[in-house]
């Protein structure tokens, strides 16, 4: 299951999604906001998911300009057992 946005309902979405996962199933949340990147791992862990986090940073270079774009955090929860 992939969560690309929560509309302020992150806890409910993670709870519902985790409940529907089969053993070995994966739930991924894409976090652009720091609040989501902070909340999602603990919410997934509360649902019994094994959590890992990756962060993607993009730098755009054009001519002499360098632009650092906002990082994207990917939070992955896997249902064990």
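In our numbering, the protein residues as written are -18 to 62.
Glycine is no exception: its CB is placed at the ideal position from the N, C-alpha and C atoms.
This structure is a prediction, so every number in the text was calculated from the model and none was measured.
Practice task
Determine, using beta carbons only, whether residue 8 and residue 62 come nearer to each other than 8 Å.
Solution key: Locating residue 8 in the chain shown gives position 27, counting from the first residue. Locating residue 62 in the chain shown gives position 81, counting from the first residue. Contact: no.
Exercise for the section: Count the other CB atoms, across all protein chains shown, that sit within 10 Å of the CB of residue 28; report buried if there are 16 or more and exposed otherwise. Expected result: Looking up residue 28 in the chain shown gives position 47. Buried.
Handout entry: Assumed close pair residue 14, residue -18 - CB separation to whole angstroms, cut-off 8 Å
Key = Residue numbering aside, residue 14 sits at position 33 when the chain shown is read from its first letter. Residue numbering aside, residue -18 sits at position 1 when the chain shown is read from its first letter. Not a contact, Cβ separation roughly 19 Å.
Problem - residue 26, buried or exposed, once every other Cβ within 10 Å from all chains shown has been counted against 16 - result: Here residue 26 is taken as the residue at index 45 of the chain shown, counted from 1. Answer is exposed; the Cβ neighbour count stays below 16.
Problem - Contained alpha helix (DSSP H) runs [length at least 4] in the region -12 to 14, N- to C-terminal order - result: -9 to 1
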